[in-house]
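Residue numbers (this note's numbering), protein chains in the order written: chain A, 798 to 1247; chain B, 10 to 320. For each residue, glycine too, the CB sits at the ideal point set by N, CA and C.
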Amino acid sequence: MRRRTLLATIAAAALATGAVSACSSDGGGSSNTITVAYENFGSFTQMNQLMKKVKAEYEKANPKLTVKLEPIQADENDYYTKLDLMNRSASTAPDVLYEDTFLVNSDISAGYLKPIDQYLDKWKDWSQFSATAKSAGKGQDGKTYGVPMGTDTRGLYYNKQIFAKAGLPTNWQPKSWNDILTAARTIKQKVPGVIPFQIYSAKSAGEGATMQGLEMLLYGTKNTLWDPSSKKWIVSSKGLTDSFNFLHTIFSEGLGPSPQQELDTQWGTKVSTQGLPQSKIAIDLDGSWQSGNWKKTGTKPWPQYSKVLGTAMMPTEDGSAPGFTSMSGGWLLSVGAHAKNPQAAFNFIAMSLNQPNTLFYDNAASQIAERADVANDPAYKDSDPFTPFFTSLVKYTHFRPAYADYPKVSDAIQTAMEAVMTNQSSVSSALSTFASTVKSDLGDNATTSQ
Amino acid sequence: MASSTTLTKSAPAPPAQRRGRDRRGPSLARRIAPLAPAILLLLLFFAGPVIWSFYTAFTDQSLSGAGASSPQFIGLDNFRRMWSDPIFIKSLVLTVIFVVGSAVIGQNVLGMTIALLLRKRHRAVQAGVSLVIVGAWVMPEIVAAFCWYAYLNPDGSLNHWLKAIGATQNWLYTAPMFAVILANVWRGTAFSMMVYSAALSDIPPDVEEAAAIDGAGGIRRLWYVTFPLIRRSIVTNLMLITLQTLAVFTTIYVLTQGGPGNKSATTPVYMYEQAFKFYNLGYGTAMALVLLLVGAIFSVVYLRLVKVDER
């Protein structure tokens, strides 16, 4: 009898260790310390460079204040998680946050961010930002919660050397999804050993899979993700089915990376530091910031990148008007809701994103400048041969419906993409799981079909 | 004591009385006093999170969005959602496969086999083998998991050697459950081995010798003499490794992240994904409660085994 009680006690104790418990890190600080949280991971080191630079400048200009940098070493998904875990408690919440535009509304409704309109009104540089740029940090309540660091667009990179070997034109511009498939099939046949077409499709790529992957397809069809008239998420449509069918074709015909490559959490870094520079990928559907990796300040300097690689616009599904598509996002600097000295935190942001520092960052990280005085600076225009191309995509670009619920829809999309990519479910069953997941997450009234 | 009993006539009485006094012994408060610091720490660091998890399981608490600032009490919604979530159901099945495969069968049988083989071997052999096996146990879980990742991944050392005979494997992708079970057996076997070695060394040699003289062969001696003698150790060990294995997260997460797709997403991994990747803290903690229930079911089964045994 006694022995059994002992066993039961051991059982209970051992089980208790299995319970979910949150982790925390030290942070916070007094009103004389400004903590700055940002991502520093893989080939993305430019933010760290900028923050170190600004910390030195800021502490020199404000001798009484200390800047505490908190670079978070985590891939994008884990970065958001760690940031939100820090935000959950006032003692660990950072004063300045590096914030993805798609999470802004979600983090506003979570109460993590502070509106900064009163400071912006007195900031003369704010007039340099375009109306679109200003809206990037605007919440649904009409207040502004962040200053954009730069934006981005997405398109196709292709390797001219591989194209020449395959007998394809080296000034390639596909007019429809079929043109992409045709080129990829030719490459698979004529240049074995390279990945014909790279598209992010795994949960490990996080928002990158949703935005660089599915949305680059979906926004080239007749449908989108969000119906503005009914204010509902479109969880089933012909465009969605076509997009997933395209994915299925890519992976079932072996035109993409192997599923295991895609599932690697380091895949994004491998694409930019190995796949493209080592001519192992023929076509890459990716973001405008890629060349930042190959500049002198990047993690994989590659002086010949603009000669080896060509760029092409992403065509719409069947080439119908406007012919091409792109997606834009970008990151903000925001003030945390628990900031003890919000003015000092905002001043740090203002200094980080003044003209010289924005120029430094936009060049280093290959961002599309959103400050007029940076965009027109010769040092910006000449910094990257790809800048004119990616800037020209702005006229075709779309923005994500970055409402508070968007991250949940995005997660469901990634799950469906991975299921199709690994061939664990058919397109139709992956899509029905997607629709039911979104419905159970957000409620039946939040979704519609087209 | 022995001398005093010889002097009195009621020889057996004093020891009996003494035993009775001993049992009543010091007061309850004095007995518990040395435990107080431990209990306090447990309450602070265990009970707090556990109670919070329990409460959160009935809310729509999330990491970001409205659920972070003003979580709502939603009753049993999280649990209802679980039953209509095929991935969750699958995760429960995978958890049972993982526990049975790696703990109940793998670690348990392998640990027992090694312990039996090491009996009556030369000291040097015992020390050498134990060192190697316990080495795996001493290693932090994350390090062990990385070793296995380095060993099994397509560019890893196993394929490097297999190449010599023209073979290749990609188990992390093609057979993820097999891969994680293999890694967990490797790491956990030491524990079972130590428990069984200790238990086996307590068996008086004359019992087995008697059985041998009566003509019982090796297997029969094992089944009818050795196992019954160490049955309590077996059940205790089974219970411990089962509960440890139920909560295994690091090994699986490092090796496969629960993938590809959800092919190796046991409940702890899926729980983490929902809570910390998809921000559904409430849903994640609700799963933790269900996991607690699964552990309780296993425990009840084992406790029953002891009971049957004692009859």
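*Cβ-heavy atom distance, LEU140 of chain B to the ligand ADP, below 7 Å*: The ligand ADP is absent from the structure shown, which contains no ligands of any kind.
*Would you report the Cα separation of ALA75 of chain B and ALA1201 of chain A, rounded to the nearest angstrom?*
By one-based count along the second sequence, residue 75 of chain B stands at place 66. By one-based count along the first sequence, residue 1201 of chain A stands at place 404. So the two alpha carbons sit approximately 8 Å from each other.
*Kindly provide the ranges of any alpha helix (DSSP H) runs that are 4 or more residues long and lie completely inside the region 71-116 of chain B, ordered along the chain.*
75-78, 86-92 and 95-107
_Minimum C-alpha distance to THR1184 of chain A - residue among A:PHE841, A:ARG951, A:ASN874 and A:LYS921_ = For the purposes of this step, residue 1184 of chain A is identified with residue 387 of the first sequence, where counting begins at 1. Out of A:PHE841, A:ARG951, A:ASN874 and A:LYS921, A:ARG951 has the C-alpha closest to the C-alpha of THR1184 of chain A.
_Range of the contiguous alpha helix (DSSP H) that encloses SER1189 of chain A_ = For the purposes of this step, residue 1189 of chain A is identified with residue 392 of the first sequence, where counting begins at 1. 1184-1189 is the extent of the alpha helix (DSSP H) around SER1189 of chain A.
*asked:* At the 8 Å Cβ level, is PRO149 of chain B part of the contact set with chain A, yes or no?
replied: By one-based count along the second sequence, residue 149 of chain B stands at place 140. With 8 Å as the cut-off, PRO149 of chain B does not count as an interface residue toward chain A.
*For ASP881 of chain A, which three-state DSSP category applies?*
Taking the first residue of the first sequence as position 1, residue 881 of chain A is located at position 84. In this structure, ASP881 of chain A counts as helix in the three-state DSSP scheme.
*List the residues of chain B whose Cβ lies closer than 8 Å to the Cβ of ASN874 of chain A, in chain order.*
Counted from its first residue, the first sequence places residue 874 of chain A at position 77. Chain B residues near ASN874 of chain A: LYS286.
*Within the chosen definition, does the region 155-172 of chain B reach the region 200-212 of chain B through at least 3 CB pairs nearer than 8 Å?*
no
*Taking any Cβ of chain A, which residues in the region 63-91 of chain B have a Cβ under 7 Å from it, in chain order?*
LEU72, SER73, GLY74, ALA75, ALA77, SER78 and ARG90
*Quick one: what does DSSP say HIS1195 of chain A is sitting in, helix, strand or coil?*
By one-based count along the first sequence, residue 1195 of chain A stands at place 398. Note: HIS1195 of chain A maps to strand in three-state DSSP.
_Distance check for LYS1178 of chain A and PRO945 of chain A, CA to CA, integer angstroms please._
Sequence index remark: in the first sequence, residue 945 of chain A carries index 148 (1-based). Sequence index remark: in the first sequence, residue 1178 of chain A carries index 381 (1-based). Each residue's Cα considered, the two are about 19 Å apart.
*Bridge partners of GLY947 of chain A, per DSSP?*
What you label residue 947 of chain A is simply residue 150 of the first sequence in a count that begins at 1. Answer by DSSP bridge pairing, in chain order: A:TRP1128.
_Just to confirm before moving on: does the CB-CB distance between GLY1127 of chain A and ASP922 of chain A stay below 8 Å?_
Residue numbering aside, residue 1127 of chain A sits at position 330 when the first sequence is read from its first letter. Residue numbering aside, residue 922 of chain A sits at position 125 when the first sequence is read from its first letter. Contact flag unset, no.
*asked:* Using only the alpha-carbon positions, how far apart do ALA1172 of chain A and GLN915 of chain A sit?
replied: Residue numbering aside, residue 1172 of chain A sits at position 375 when the first sequence is read from its first letter. Residue numbering aside, residue 915 of chain A sits at position 118 when the first sequence is read from its first letter. Between ALA1172 of chain A and GLN915 of chain A, the C-alpha separation is close to 26 Å.
*Check the Cβ of ASN179 of chain B against every Cβ in chain A and list those closer than 8 Å, keeping chain order.*
Residue numbering aside, residue 179 of chain B sits at position 170 when the second sequence is read from its first letter. Under the 8 Å cutoff, chain A gives GLN1057.
*Taking the alpha carbon of ALA1176 of chain A as the point to measure from, which residue in A:SER1222, A:GLN1101, A:ALA1161 and A:PHE1043 has its own alpha carbon closest?*
The residue given as residue 1176 of chain A occupies position 379 in the first sequence. Ranking A:SER1222, A:GLN1101, A:ALA1161 and A:PHE1043 by Cα distance to ALA1176 of chain A puts A:ALA1161 first.
*What residues are listed by DSSP as bridge partners for VAL864 of chain A?*
To locate residue 864 of chain A, count along the first sequence from 1; it is residue 67. Per DSSP, A:ILE831.
*What in chain A is Cβ-close to PRO237 of chain B, meaning under 7 Å?*
If you number the second sequence from 1, residue 237 of chain B lands on position 228. The premise fails here: PRO237 of chain B is roughly 16 Å from chain A at the closest Cβ pair, so nothing lies under 7 Å.
_For TRP1023 of chain A, which residues in the same chain have their Cβ closer than 8 Å to its Cβ, ignoring the five residues on either side in sequence?_
Locating residue 1023 of chain A in the first sequence gives position 226, counting from the first residue. These residues qualify, in order along the chain: LYS1029, TRP1030, ILE1031, PRO1198 and TYR1200.
*For GLN1221 of chain A and GLY270 of chain B, believed in contact at Cβ under 8 Å, the rounded distance*: In the second sequence, the residue the question calls residue 270 of chain B occupies position 261. In the first sequence, the residue the question calls residue 1221 of chain A occupies position 424. That belief holds up - the Cβ atoms of GLY270 of chain B and GLN1221 of chain A are roughly 4 Å apart, short of 8 Å.
*Any Cβ of chain A within less than 8 Å of the Cβ of TYR158 of chain B?*
Taking the second sequence and counting its residues from 1, one reaches residue 158 of chain B at position 149. Output row for TYR158 of chain B: interface = no.
*asked:* 8 Å is my cut-off, CB to CB: does ALA1216 of chain A come that close to chain B?
replied: Here the question's residue 1216 of chain A lines up with position 419 in the first sequence. With 8 Å as the cut-off, ALA1216 of chain A counts as an interface residue toward chain B.
_Nearest by alpha-carbon distance to TYR288 of chain B: which of A:GLY1116, A:LEU1011 and A:LEU900 is it?_
Stepping through the second sequence from its first residue, residue 288 of chain B is reached at position 279. TYR288 of chain B has its Cα closest to that of A:LEU900, out of A:GLY1116, A:LEU1011 and A:LEU900.
*Check whether the Cβ atoms of LEU1015 of chain A and LEU1044 of chain A lie closer than 8 Å to each other.*
For this step, residue 1015 of chain A is matched to residue 218 along the first sequence. For this step, residue 1044 of chain A is matched to residue 247 along the first sequence. No. Outside cutoff.
_Beta-carbon proximity list for PRO1119 of chain A, same chain, < 7 Å, skipping 5 on both sides_ = As a first step, residue 1119 of chain A must be located in the first sequence, where it is residue number 322. Excluding positions up to five away in sequence, the list reads TYR1193.
*Using a cut-off of 7 Å between C-beta atoms, extract the partners of GLN937 of chain A located in chain B.*
Locating residue 937 of chain A in the first sequence gives position 140, counting from the first residue. What GLN937 of chain A touches in chain B: nothing, since even the nearest Cβ is about 12 Å away.
*is_contact[ASP1208 of chain A, chain B] using C-beta, thresh 8 Å*: Numbered from 1 along the first sequence, position 411 holds the residue referred to as residue 1208 of chain A. Yes, contact with chain B.
*Nonlocal neighbours in the same chain, by C-beta distance under 6 Å from ALA1209 of chain A, ignoring five residues either side*: Counted from its first residue, the first sequence places residue 1209 of chain A at position 412. The residues are PHE1231, THR1234 and VAL1235.
*Within its chain, find whatever has a CB closer than 6 Å to the CB of LYS1019 of chain A; leave out the 5 residues flanking it on each side and keep chain order.*
Position 222 of the first sequence, counting from 1, holds the residue named residue 1019 of chain A. For LYS1019 of chain A, where only same-chain residues beyond five positions count, the Cβ hits under 6 Å are GLY1036.
_Under 8 Å, with one C-beta from each stretch per pair, do the region 76-83 of chain B and the region 253-272 of chain B reach the 3-pair mark?_
no
_Min CB distance GLY908 of chain A to chain B below 8 Å_ = As a first step, residue 908 of chain A is located in the first sequence; it is residue number 111 there, counting from the start. It does; some Cβ of chain B falls within 8 Å.
*Integer-rounded CB distance, given that MET1124 of chain A should sit under 8 Å from MET1008 of chain A*: Position 211 of the first sequence, counted from the first residue, corresponds to residue 1008 of chain A. Position 327 of the first sequence, counted from the first residue, corresponds to residue 1124 of chain A. About 5 Å separates the two Cβ atoms, so the contact holds.
_Quick check on this structure: which residue in A:THR1219, A:ASN1090, A:PHE1121 and A:ALA1147 has the alpha carbon closest to the alpha carbon of VAL1191 of chain A?_
Taking the first sequence and counting its residues from 1, the one referred to as residue 1191 of chain A is at position 394. Nearest of A:THR1219, A:ASN1090, A:PHE1121 and A:ALA1147 to VAL1191 of chain A, Cα basis: A:PHE1121.
*Which one or two residues does DSSP pair with PHE1121 of chain A in a beta bridge?*
Position 324 of the first sequence, counted from the start, is the residue given in the question as residue 1121 of chain A. Answer is A:PRO1112, bridged to PHE1121 of chain A.
*When you compare each of A:THR1066, A:ASN837 and A:SER828 to SER888 of chain A by their alpha carbons, which one comes out closest?*
Within the first sequence, numbered from 1, the residue matching residue 888 of chain A stands at position 91. SER888 of chain A has its Cα closest to that of A:SER828, out of A:THR1066, A:ASN837 and A:SER828.
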